[in-house]
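Student: Start counting at 1 in the sequence shown, then tack on 160, and there's your number in our numbering.
Right, I'll just put the structure down here and ask away after.
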Amino acid sequence: MSVSIPTVREVLVYRSAEALAEGAASLLLDALNVHVVPPRFAIALSGGDTPKAIYHTMAKRQEASALFNEKVELFFSDERAVPPDHDQSNYGVARKYLLGPLSIRPEIVHRIQGEATDPAAEAARYEREIRGVVKAAANGIPCFDLVMLGMGEDGHTASLFPDSYHSVPAADLVVAPFVTAAGSYRISFNLSLINASRQVLFLVAGAKKAHMLKKVLCGEANAYIPPAAKVKAERTVWLLDAEAASQLDRRIVSVKEVS
Ligand code: 6PG
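As C-alpha cells, this is what we get:
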C-alpha cells in the first residue's frame, strides 16, 4: 500500500517583482546552506523571463557560487526547441545570468538539448540522465529537492499547455508535446516528475497573471483545471508579487504578505 505524503501549499506575496526575486534567491540559498551532501541537492530551473531577475539577484550573493558548485546538480524543467545560443533558450538565459556570473562548473549542469532533431528521443534521453543522477523515492520516481516553475496567462507551467498536456503519456517523466502557441515541440518535465519533488517554487509576477492565478489558487466549481493547478508537490510555495496576487480572494486562499 503506497503511503500518500500530505501536500502543503503556501502563498507568499511580495510588494514588488524585485522583492520577489530577492525572496526567491534567499529561499533557494537558505535551502542550500542547510543541505548536507551527499546526496547533492537536485534543482530544476524554470524558463521564460521571470527567472532572469532571480538569477541576477543570486549572482550578486557572494556565497552562491560555492553553494552551487559544492552542493547542487542543476537541471531544467523545460526547454524550447532551439539551440543553446538562441535567445529563446532557457539554458542560454541561465548561462548568461547565472551559470556564467557564478562560474558554475559545467559538470553539474544538465541541459536539455533543445537542438535535438527528435524531441521525443531527447525527452527519453533526458529522463535517463535524470535517473542516473537524482535519487528515486520509494515510488521509483527521481525526487528533486526543488523545482522552479513559472505560470503562463493560460495556466500552463513548464511546457505543459492546456491544449497539449493531455496528449502526453502520463507515465513518462519527461515529455515532448507539440505546443500550438509556440508552433513547435518543447521538452518538459511531466506532472508525474514535478509532483514527485520535495518542493516546487512557483514564481509569478505581473498583473497579466492575476486572473489566471485567481482561478488556479481560489478554484472555481466545475471549471477547467489548468496544468499549473495540477502541481501538488510535497511542498508547493507560490511566490507572487502584489500585482499578480491582486485578484486573490483572501477568504479562500491564505496568503502571507512578506514585507
Ligand atoms: C517556458 C517556461 C514557461 C514559463 C511561463 C512564464 O519555457 O516558457 O517554462 O512555463 O515559466 O510561460 O513565463 P514568464 O516568466 O516569461 O512570464
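We put the beta carbon where it would ideally sit given N, CA and C, even for glycine.
Here the structure is a predicted model, which means the values were calculated and not measured.
My output table needs one value for T210: the three-state DSSP class, helix, strand or coil.
Tutor: The answer is helix: DSSP assigns T210 an H, G or I state.
Student: Rounded to a whole number of angstroms, what is the C-alpha to C-alpha distance between R395 and P199?
Tutor: Roughly 20 Å between the two C-alpha positions.
Student: Rounded to whole angstroms, what's the CA-CA distance from Q248 to R291? Just pull it up for me.
Tutor: If I take the Cα positions, the gap works out to 27 Å.
Student: Sorry if obvious, but does the Cβ on G310 come closer than 7 Å to a heavy atom of the ligand 6PG?
Tutor: Yes, the Cβ of G310 comes within 7 Å of a heavy atom of the ligand 6PG.
Student: Give the DSSP bridge partners of M308, in chain order.
Tutor: BP columns for M308 point to L361.
Student: Find the nearest neighbour of T167 within the set Q359, A330, H246, judged by alpha-carbon distance.
Tutor: Considering only alpha carbons, the answer is Q359.
Student: By DSSP's criteria, P302 is part of a beta bridge. Which residues make up the other side?
Tutor: P302 pairs with A296.
Student: What does the alpha-carbon distance come out to for the pair V293 and A365?
Tutor: If I take the Cα positions, the gap works out to 32 Å.
Student: By DSSP, does D245 sit in helix, in strand, or in coil?
Tutor: Coil at D245, not helix or strand.
Student: With three or more beta-carbon pairs closer than 8 Å as the criterion, would you say the stretch 217 to 225 touches the stretch 318 to 327?
Tutor: No, the stretch 217 to 225 does not touch the stretch 318 to 327.
Student: Alpha carbon to alpha carbon, how far is A254 from Y215? Give it in angstroms, no decimals.
Tutor: If I take the Cα positions, the gap works out to 7 Å.
Student: Could you tell me if P211 is buried or exposed, where buried requires 16 or more neighbouring beta carbons within 10 angstroms of its beta carbon?
Tutor: The residue is buried, with at least 16 neighbouring Cβ atoms inside 10 Å.
Student: Note down, one range per segment and in chain order, each alpha helix (DSSP H) of at least 4 residues found wholly within the stretch 242 to 284.
Tutor: The stretch 242 to 284 contains these whole alpha helix (DSSP H) runs: 250 to 254.
Student: Is T317 helix, strand or coil by DSSP?
Tutor: Of the three classes helix, strand and coil, the one that applies to T317 here is strand, per DSSP.
Student: With respect to the beta strand (DSSP E) encompassing I347, which residues constitute its N-terminal and C-terminal limits?
Tutor: Per DSSP, I347 belongs to the beta strand (DSSP E) from 344 to 349.
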